[in-house]
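Quick note, my numbering runs 11 ahead of the 1-based positions in the sequence shown. Ideal Cβ placement from N, Cα and C applies to all residues, glycine included. Here is the structure we will look at, set down as structure tokens.
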Amino acid sequence: MLYPNTIEEKIGFDQIRQLLKEHCSSSLGTYYVDKIQFSDDYDHISKLLYQTEEFQQILQEEQSFPSGNYLDVRPQLAKAKTPGIFLSEEEFHQVQLSLDTIIRCQSFFKTSDEEQPYPYLARLSEHVGVPPSLLGSIRKIIDEKGHMRNNASKELQDIRRTMLGEQSRLRKVLDQIMRQARQQGYTSDDASVTIRGGRMVIPIQAEYKRRIKGFVHDESATGQTVYLEPAEVLDINNEIRDLEYRERREITKILTQLTDELRPHLKELRYAYQFLGMMDFIRAKARLAQQLEAVCPKLEKKRLVDWQEARHPLLYLSHQAQNKPVIPLTIELSADQRILVISGPNAGGKSICLKTVALVQYMLQCGLLAPMGEQSTAGIFQNIFIDIGDEQSLENDLSTYSSHLTNMNYFVKLADQKTLILIDEFGTGTEPQFGGAIAEAILSDLNQKKVFGVITTHYSNLKEFADRADGIINGAMRFDTDELEPLYQLEIGKPGSSFALEIARKIGLQSSILNQAKELVGVEHVQYEKMLSELENEKNKYEQLTQNLAAKEKRISTTTQEYEELREHLKSERKRILAEAKQEASQLLQNTNQRIENTIRTIKEKNAERESTKQVRQELEDWKQQVKPKKSEIKSRPKKAKIAREEGPIQAGDAVRVKENGAIGEVLSLKNNQAEILIGALKSNIKLNRLEKVAKQSLKKLQKSLATSGSRSIDLNEKRAEFSSSLDLRGKRAEEVIPQLENWVDEAAMFGAGELRIVHGKGNGVLREIVRNYLNTHPSVSRFQEEHIERGGSGVTLAYLH
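Below, the structure is given as structure tokens:
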């Protein structure tokens, strides 16, 4: 059961039907849109959902499925039912095009694969039959443009050949008469042969119409020109007219025979067009699912709601057109918590939550995919009862509250454990004390009947009842207590405050009025609302702290990983350097021992002659000087000038330092949130949040320090010209990557590069992971992504700088 009978208009499903019709190609599909019905049959709903999901996959992955000529020819088939009636050439052309689409649809689902990829859709085409002889007969008679072919019959071919000959003869005679008329001035130079009353005639000026023998068929609006059929062509025109009559009779004969051939197949053709209409309808459902980013959730044969990130379909489309985000709804109703009581401030999203549940559940049980997360689970309800909006009725003399009570009476009598109830602003419309009491009593009765439902309210007694009753749970619409603005997020497990006093205070209501209102409400109620407000405030602060802590933990984790990688790199470098040093020392010792032995042997062989001994010893001393370590010829680096920071806003002429790489420059000008700075000989535009103000003396000291040290200033313009926005790291060891990448990204930030391309290859993914971990922590990198598959895919990373 559905209640009320206007449920589709109240929840917006009538608009969903209209969207589906817009996605249909013909009335074949819209016919089935009008036939959509709410169902509680698990197998039927599953079949409809799987059909739509399969078609959604076809739209995403397949190109060969026919997309045109979903033509509704059911009126033509009804016309052909009567013997003696025939279809026109255009009507047969539509039949031909649509039958061709049906055959192509069938062929698509006929696969040689062991496993059919679209089993639910393929099942629809199993018993569809299109007589191949019929389609062949139509193609022999009707051409691609919908006209009858010349060779449709021998008689028609002869008639049209003769007609062409007569028309050619007629044209020659008329052309000759027209030339003579122009020469004699009976007609204008730009006049030409035309047709009046189905006969070919020539235009003649009215004053000369007696000069040419013939029959006047028409005259111009001014009466200055008459259209005359010369007597010489009368017989030819009569012959052509007779041929046209014969052609029409022959065409009628052929079309009648073709219609007679079609008539025995009307039953199977109707079934085939039902299939075509179903394809158009399911395709429309799949297109709407794509538009809504809808999915097929896990469907269970019981009552439950376990939705992740569900969205109201109509609100989603509206916000999408305005480029606005929609806050998704995550909600759970189960046997333990069947009824959700949502409270919170006005315009905080309570009604949207309720209507989202109503519309999305209704769509699912009508066989439409739902806009929600793929990990969602949905159940099936036998009844859906709603009480949404103002039901005031002048005709029945019912007030708004009386109407609500009428609905509640219906709910109490007919709702059971298979029912989903949806009540907006429960209990309102009358005196709050009595309205809240009656609402609590009704809620207690519905809870005992174990119904499922979503209820919105402002009444505190309902929040308190939900807190202590089994099967009912509170929910709150989140609220920013600092800005006093709704967050449109549902939180299940605690009630929400209306924030009435806070909102009144924000808009400037006098304190004396607010204090009096507190006294009238009562201390206990004010304290309760205050507690809810403070709880919301504490939760907001806790969430912010949690987010900050998560970000810090991420940075610590990244830093720790980089430290471990650097430590391992230093250890391996130390081992390599020590090993090389030992090898060099061993080789040096070996060479030195050999030189000493040679020296001793030479002295002995020369019998210790003085000159010879002196010469050999000098050679040994020279070798000693050669292998002795040399003092470094590199002068010690000058101490860096101390950089003093300054407070205050950055202005033109100030000295600034780039936070990422420490480069110091002078501000030339400011525009919006960017500064044009001069670093050496290079001008660059850099965002203000990447700069810090330093003392001007720091810039002078740095320049003086560089000058006195003999350091040659870097030609930044030349360096910028040589800079490449692409870096190839393939073949490099992991420990080599970080230093090179760090210097390269810093230079890119200094030179104002917007997009960087890093080639690291695919391999086992180590280099890719190192590169992306580093990019994730660099302050100048706004985001990064994988390159397009055709240009390297996962072997290349694109980085974008601020």
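Check: Close-in-space but distant-in-sequence residues of the same chain around Gly157 (CB under 7 angstroms, 5 per side omitted); Outcome: Glu100, Glu101, His104
Check: Residue range of the beta strand (DSSP E) that includes Met290; Outcome: No beta strand (DSSP E) holds Met290; the alpha helix (DSSP H) holding it covers 277 to 303.
Check: Ala760 and Ser735 closer than 9 angstroms at C-beta; Outcome: no
Check: Whole-angstrom distance between Asp54 and Arg779, CA atom to CA atom; Outcome: 48 angstroms
Check: Span separating the alpha-carbon of Ser455 from that of Leu560; Outcome: 43 angstroms
Check: Secondary structure of Asn787, DSSP reduced to three states; Outcome: helix
Check: Residue environment, Asp665, which counts as buried when at least 16 other CB atoms sit within 10 Å; Outcome: buried
Check: Beta-carbon proximity of Ser109 to Tyr284, cut-off 9 angstroms; Outcome: yes
Check: Identity of the residue in Gly355, Ile363, Val352, Ala346 nearest Ala321 by Cα; Outcome: Ile363
Check: Contacting residues, own chain, Cβ-Cβ under 7 angstroms from Ala300 (five flanking each side not counted); Outcome: Thr63, Gln67, Leu380
Check: 8 angstroms contact criterion, which Ala242 and Lys220 should meet: CB distance rounded; Outcome: At roughly 13 angstroms, the Cβ-Cβ gap does not stay under 8 angstroms, so Ala242 and Lys220 are not in contact.
Check: Val184 versus Ile69, Leu245, Met174, Cys116, residue with shortest Cα-Cα distance; Outcome: Leu245
Check: Burial state of Asn815 (16 or more Cβ within 10 Å); Outcome: With the chain running from 12 to 813 in the structure shown, residue 815 is simply not present.
Check: Opening and closing residue of the alpha helix (DSSP H) in which Ala822 lies; Outcome: Residue 822 is absent from the model: the chain starts at 12 and stops at 813.
Check: Cβ-Cβ distance between Lys58 and Gly378 below 9 angstroms; Outcome: yes
Check: Three-state class that DSSP yields for Met211 in the structure shown; Outcome: strand
Check: Range of the contiguous beta strand (DSSP E) that encloses Ile675; Outcome: 675 to 682
Check: Which of helix, strand or coil DSSP assigns to Tyr421; Outcome: helix
Check: Close beta carbons around Phe226, own chain, < 8 angstroms, minus the five adjacent residues each side; Outcome: Leu239, Glu240, Ala242, Leu245
Check: Cβ-Cβ distance between Asp9 and Leu365 below 9 angstroms; Outcome: This structure cannot speak to residue 9, because the chain is shown only from 12 to 813.
Check: CA-to-CA distance, Thr270 to Phe97, given in whole angstroms; Outcome: 5 angstroms
Check: Separation of Gly772 from Val678, as counted between CA atoms; Outcome: 41 angstroms
Check: Alpha-carbon spacing of Arg723 relative to Glu766, whole angstroms; Outcome: Any answer about Arg723 is weak, because its pLDDT of 41 lies below 50 and its placement is not dependable; what the coordinates show is given next. In a straight line, the C-alpha of Arg723 is about 30 angstroms away from that of Glu766.
Check: Residue environment, Ile800, which counts as buried when at least 16 other CB atoms sit within 10 Å; Outcome: exposed
Check: Reduced DSSP secondary structure (H/G/I, E/B, other) of Glu19; Outcome: helix
Check: CB of Leu370 within 9 angstroms of CB of Phe49, strictly; Outcome: no
Check: Residues near Phe422 by beta carbon distance below 7 angstroms, same chain, minus five either side; Outcome: Phe396, Ile432, Leu457
Check: Beta-carbon proximity check, Arg349 vs Lys424, cutoff 9 angstroms; Outcome: no
Check: Any alpha helix (DSSP H) of 4 or more consecutive residues that is wholly inside the stretch 211 to 238; Outcome: none
Check: Under 9 angstroms between C-beta atoms of Phe392 and Asp83; Outcome: no
Check: Nearest-angstrom Cα separation, counted from Asn696 out to Ala706; Outcome: 20 angstroms
Check: For Gly875, three-class secondary structure by DSSP; Outcome: Because the chain in this structure spans residues 12 to 813, residue 875 falls outside the shown range and cannot be described.
Check: Distance, Glu797 Cα to Glu891 Cα; Outcome: With the chain represented from 12 up to 813, any question about residue 891 goes unanswered, as that position is not in the structure.
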